[in-house]
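Following: one structure in structure tokens, then a few remarks.
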Amino acid sequence: MITPVLSVMAAFAVGAIIIAWAGENPLTIYRIVFSEALLQKAGWRDTLIRATPLVLVGVGLGLGFKADVWNIGAEGQMIVGALSSIAVIGYLNDLPGAVLVPLGLLLGALGGGLWGALAGWIHVRHGVNVVIATLLLVFIAEPIVTWAVRDPLQDPESYLPQSRVVGNAALPELGWIGVHVGVLLILVVVPVAAWLVSSTRLGFLIRAHGGNRLATTTNEVRPGRLPLGLLTIGGALAGVAGFVQLAGVQNRVASGTAAGFGFTAIIVAIVGRNHPVGVLVAAIGLSSMLVGAEAAQRESGLPVSLMDSIQALVVIFVVAGDALATRQRSRREVMTLSTQPDAVTA
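Residue numbers (the working numbering): 41 to 386.
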């Protein structure tokens, strides 16, 4: 736990140098960023709304990454999940929200899960690298949604390439802070995923597959079944995130509906070290930086892209710190093993 904290602190220290080089006071900028995002009601609302899809997608990606299944295609899975939802609920606006919201969540999970499963099938059946298989489907999903909102799913009352509105499927707000109820999914997904990883056979297989793929074979798991399952789970969570973003924020599907959340969630999973709780912390942290960066731009004129650079530094330092810690652990283990024969001889 100490390593990622030190890595983040080091990244912010380097970021402070960059901010100073840009002619701004780093302490002032950091104060604006974090006070606006975490100490103001509006900032908390925006942070939680932005963090929600990142947590949902990041948890699914983290499960796969922990097993060395690198799903890079969550962006496409989000798109297909949102498109699957609006393709049905857009024509059922007469039904109450109590019916449409669960239906939308189910359709989102089904669409995203099938898109993830398709990548898994390509990987397992045809031996295509999982990174290539998942990323390829992103570039297939994007033109599909562009075509869909221009032809079969286009709102007949709009001249723009966009779908019908979600209508009664719109997620209601929690009055006390103003966030939509989709945020509550975090309270379900994170603890359930943490329990799966730590206390179930699936969690054992995930850890074993990440450390030694032969171990899953010796535990009577057919080769390919675990990657296929994890890609399906990750896709389903991304599809749910797609519906949440659609029904809670965007109100309709258009080109660019995933808004980069699928790719940003990769950063969240890596910074959170693929653990559900770590993903939650990383998602809130990165979202607060984005919200705060917009406030800093309004107050000081500092480009938002500069905070993107600091986010990149956080990822680089966390990954480098983790690699260094792993290397040091390996050296200690080798030294321990090398001293054991002497101890036995004595």
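The beta-carbon is built from N, C-alpha and C at its ideal position, and this holds for glycine as well.
From the options, pick the residue whose C-alpha is nearest to that of residue i; which is it?
i: W161; options: L146, A149, L177; result: L177
i: I350; options: H163, L94, A281, G55; result: G55
i: A181; options: Q337, A336, A281, M118; result: M118
i: V228; options: E197, V280, V73, L270; result: V280
i: I129; options: F74, V223, T366, G144; result: G144
i: V120; options: L154, Y131, V139, F303; result: L154
i: L79; options: S328, A363, M347; result: S328
i: V289; options: M347, V223, D191; result: V223
i: N314; options: D362, D348, L346, A299; result: D362
i: G63; options: A305, L225, L346; result: L346
i: G116; options: Q337, A323, A299, A322; result: A299
i: Q337; options: D134, R71, A322; result: R71
So residue i and residue j are supposed to be a Cβ contact under 8 angstroms. How far apart are they, rounded?
i: L330; j: I307; result: With a Cβ gap of about 12 angstroms, L330 and I307 do not count as contacting.
i: A50; j: F357; result: 5 angstroms
i: I112; j: L175; result: 5 angstroms
i: V355; j: I310; result: 6 angstroms
i: A278; j: A114; result: 4 angstroms
i: T297; j: V185; result: 6 angstroms
i: A396; j: V141; result: Not covered by the structure: residue 396. The range shown for the chain is 41 to 386.
i: V168; j: N291; result: Going by Cβ atoms, the distance from V168 to N291 rounds to 36 angstroms, so no, they are not a contact pair.
i: L96; j: L225; result: 6 angstroms
i: K81; j: I217; result: 7 angstroms
Leaving out five residues before and five after residue i in sequence, what residues of the same chain have Cβ atoms less than 6 angstroms from its Cβ?
i: I58; result: none
i: P316; result: V99, V230, A233, A234
i: M375; result: none
i: P66; result: A56, I59, A60
i: E76; result: G83, G332, A335
i: Q285; result: P93
i: D387; result: The structure shown does not extend to residue 387, since the chain is modelled only from 41 through 386, so no value can be given for it.
i: G318; result: G312
i: I324; result: A91
Between residue i and the rest of its own chain, which residues show a CB-CB distance below 7 angstroms, the 5 nearest in sequence each way excluded?
i: V221; result: L211, P212, L214
i: V164; result: G264, P267, L268
i: P136; result: N208
i: V219; result: R85, L88, I89, E213
i: L146; result: none
i: P192; result: none
Let me check one thing: in DSSP terms, what residues is residue i bridge-paired to?
i: Q21; result: Only positions 41 to 386 of the chain appear in this structure, which leaves residue 21 out of reach.
i: A294; result: Q202
i: E213; result: H220
Sorted by chain position, which residues of the same chain lie with C-beta nearer than 8 angstroms to residue i's C-beta, five sequence neighbours on each side aside?
i: R369; result: none
i: A360; result: S47
i: V189; result: P201, Q202, S203, V293, A294, S295
i: E260; result: With a pLDDT of only 48 at E260, under the threshold of 50, the placement of this residue in the model should not be trusted; the figure read from the coordinates follows. Nothing meets the Cβ criterion.
i: R371; result: none
i: Y131; result: R204
i: T304; result: L94, L326
Practice prompt. Count the CB pairs spanning the stretch 262 to 275 and the stretch 90 to 108 that are closer than 8 angstroms, and state whether there are at least three.
Written response: Yes, they touch.
Discussion item. I'd like to know if the stretch 236 to 250 and the stretch 107 to 122 are in contact, where contact means that at least 3 CB-CB pairs between them fall below 8 angstroms.
Written reply: Contact between the stretch 236 to 250 and the stretch 107 to 122 is present, with at least three C-beta pairs closer than 8 angstroms.
Practice prompt. May I ask you to verify whether the stretch 85 to 97 touches the stretch 337 to 356, counting CB pairs closer than 8 angstroms and requiring at least 3?
Written response: Segments in contact, no.
Worksheet item: Is it true that the stretch 142 to 157 meets the stretch 118 to 127, where meeting means three or more beta-carbon pairs spaced less than 8 angstroms apart?
Response: Short answer: they touch.
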